[in-house]
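Worksheet for the structure shown next.
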Amino acid sequence: PKRIGILTAGGDCPGLNAAIRGVGKTAIVDYGMDVIGFTAGYTGLIEKDFVELKESHLSGILTLGGTILGTSREKPYKFVKEGDSDKPALIKKNYQDLGLDAVVCIGGNGTMKTAHRLQQEGLNVVGIPKTIDNDVWGTDVTFGFDSAVHIATEAIDRLHTTANSHQRVMIIEVMGHHAGWIALYAGMAGGGDIVLIPEVEYNIRSICKKIEERYESKKPYSIVVVAEGINHPKKVSAAAHIGEAIQTYTGIETRETVLGYVQRGGSPTPMDRILATRYGAYAAQCIAEENYGTMVAIRNNFLTTVPLEEVGGKLSLVEPENPLIQKARKMGMAFGDEYD
Ligand code: F6P
Numbered sequence: 006p007k008r009i010g011i012l013t014a015g016g017d018c019p020g021l022n023a024a025i026r027g028v029g030k031t032a033i034v035d036y037g038m039d040v041i042g043f044t045a046g047y048t049g050l051i052e053k054d055f056v057e058l059k060e061s062h063l064s065g066i067l068t069l070g071g072t073i074l075g076t077s078r079e080k081p082y083k084f085v086k087e088g089d090s091d092k093p094a095l096i097k098k099n100y101q102d103l104g105l106d107a108v109v110c111i112g113g114n115g116t117m118k119t120a121h122r123l124q125q126e127g128l129n130v131v132g133i134p135k136t137i138d139n140d141v142w143g144t145d146v147t148f149g150f151d152s153a154v155h156i157a158t159e160a161i162d163r164l165h166t167t168a169n170s171h172q173r174v175m176i177i178e179v180m181g182h183h184a185g186w187i188a189l190y191a192g193m194a195g196g197g198d199i200v201l202i203p204e205v206e207y208n209i210r211s212i213c214k215k216i217e218e219r220y221e222s223k224k225p226y227s228i229v230v231v232a233e234g235i236n237h238p239k240k241v242s243a244a245a246h247i248g249e250a251i252q253t254y255t256g257i258e259t260r261e262t263v264l265g266y267v268q269r270g271g272s273p274t275p276m277d278r279i280l281a282t283r284y285g286a287y288a289a290q291c292i293a294e295e296n297y298g299t300m301v302a303i304r305n306n307f308l309t310t311v312p313l314e315e316v317g318g319k320l321s322l323v324e325p326e327n328p329l330i331q332k333a334r335k336m337g338m339a340f341g342d343e344y345d
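Per UniProt numbering, residue 6 is the first one in the sequence shown, and the count goes up by one each step.
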């Protein structure tokens, strides 16, 4: 039987344990494989730090947030100083010493890039895409995203009532350094009035005009959803920058909320549990079929694979012409680019 390793790398997100369970249970029960789990992402592979995963270890973890294996942002191919250990060589040696046939790397863009390098070095690798940001290229959706949108939407719902009571402009900042998916989805689901995302260039005048229009039409409060990665001076948060500008130019009171890591913690939504389980089980199947050097993906709700070499270095961003944006605009949502 094959012997495989699993690791979770990069920022955590809800659904990682569901994915570990999906890989592990399928590998053990359907294919009779031996499974080990590396601790703390690529660090475990470098330091040969791992745990044997038996089927019993995989029971009861489906609904848990975080990752039972731990994670890290270790990048083994990052430039090393003279005298540092040769991490890729250590990984190769450990892979061989442990008698592994394949490694499943669960992570985002950075993780897939490393996975591809390892594949090129002769390891057999299968990737599983995860991130709350939903910005992994090659798949329609990553697990973690639905959970983050759920949490952000609930926060926006709560801000509505307090904004209304005090007639304030509430600015809520959600995650997304490069991609505005969380802001767009949570903004739409929560009925945000203005949504600012890194992919659409905003201007303050436009934002203020929208707020003033609302004020004049007897809607004296507004909700502004901003992605953390929008263009702003880095010494303040995106929310603080936008809030201060709105208060200065409109004279309307503003308050800011930075949602932060709450978006990444806690139990996954049912949709994320299902997606992560499907990805995990399919990754185990890929190993059984020796379909290596691939990332499992979902397109139009069908599982498929994409070559890892196509994934690395690219991001799945919100196209400014995305139909959802068009629809949102028709519903009266502004994106801060309406006026010059
Ligand atoms: O997981 C993606 C992400 O949540 C980004 O949106 C965020 O900016 C980043 O991770 C921060 O993660 P960390 O502080 O763990 O490096």
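Here a beta-carbon is modelled for each residue, glycine too, at the ideal position from N, C-alpha and C. Predicted model only: the values in this text are computed from it and were never measured.
Classification of V34 by the beta-carbon crowding that lies within 10 angstroms, buried from 16 upward
Residue 34 sits at position 29 when you count from the first residue of the sequence shown. V34 counts as exposed, since fewer than 16 other C-beta atoms from the protein chains shown sit within 10 angstroms of its C-beta.
Between the CA atoms of T158 and M276 - distance to the nearest angstrom
Position 271 of the sequence shown, counted from the first residue, corresponds to residue 276. Position 153 of the sequence shown, counted from the first residue, corresponds to residue 158. If I take the Cα positions, the gap works out to 15 Å.
Would you call the CB atoms of residue 3 and L21 closer than 8 Å?
The chain is shown from 6 up to 345; residue 3 falls before or after that span and cannot be answered.
Taking the alpha carbon of A120 as the reference point, which residue from M336, A339, E315 and K214 has its own alpha carbon closest?
Locating residue 120 in the sequence shown gives position 115, counting from the first residue. The residue among M336, A339, E315 and K214 with its C-alpha nearest the C-alpha of A120 is E315.
Could you tell me how far apart the beta carbons of K92 and I51 are, in whole angstroms, since I believe they sit closer than 8 Å?
If you number the sequence shown from 1, residue 92 lands on position 87. If you number the sequence shown from 1, residue 51 lands on position 46. The pair is a contact, with the Cβ atoms about 5 Å apart (cut-off 8 Å).
With three or more C-beta pairs closer than 8 Å as the rule, is the region 189–202 touching the region 225–244?
Flag = yes, the region 225–244 and the region 189–202 touch.
For H171, is the classification buried or exposed, using 16 other Cβ atoms within 10 angstroms of its Cβ as the cut-off for buried?
For this step, residue 171 is matched to residue 166 along the sequence shown. Exposed: under 16 other Cβ atoms inside 10 Å.
Among the candidates A184, T166 and K223, whose CA atom is the shortest distance from the CA of V195?
Position 190 of the sequence shown, counted from the first residue, corresponds to residue 195. For the sequence presented, residue 195 should be read as Gly rather than Val. Of all alpha-carbon atoms in A184, T166 and K223, the one lying nearest the alpha-carbon of G195 is that of T166.
Helix, strand or coil at P134 [DSSP, three-state]:
Position 129 of the sequence shown, counting from 1, holds the residue named residue 134. Three-state DSSP puts P134 in a strand.
Apart from the five residues just before and just after G271, which ones in its own chain have a Cβ nearer than 7 Å to its Cβ?
Here residue 271 refers to the residue found at position 266 when the sequence shown is read from its first residue. In its chain, beyond the 5 residues on either side, P19 and G70 have a beta carbon closer than 7 Å to the beta carbon of G271.
What residues match up with L201 in a beta bridge as DSSP calls it?
Position 196 of the sequence shown, counted from the first residue, corresponds to residue 201. Bridge partners of L201: V231.
So does the region 251–259 actually touch the region 179–195, counting three or more Cβ pairs closer than 8 Å?
Taking one beta carbon from each stretch, the region 251–259 and the region 179–195 have fewer than 3 pairs nearer than 8 Å; the two do not touch.
Helix, strand or coil: which one does DSSP assign to M276?
In the sequence shown, the residue the question calls residue 276 occupies position 271. In the structure shown, M276 sits in a helix (DSSP, three-state: H, G or I).
Less than 7 Å between the CB of C18 and some heavy atom of ligand 1, yes or no?
Locating residue 18 in the sequence shown gives position 13, where the first residue counts as 1. Yes, the beta carbon of C18 sits closer than 7 Å to at least one heavy atom of ligand 1.
May I ask you to report which of helix, strand or coil DSSP gives T282?
Position 277 of the sequence shown, counting from 1, holds the residue named residue 282. DSSP, read as helix, strand or coil, puts T282 in helix.
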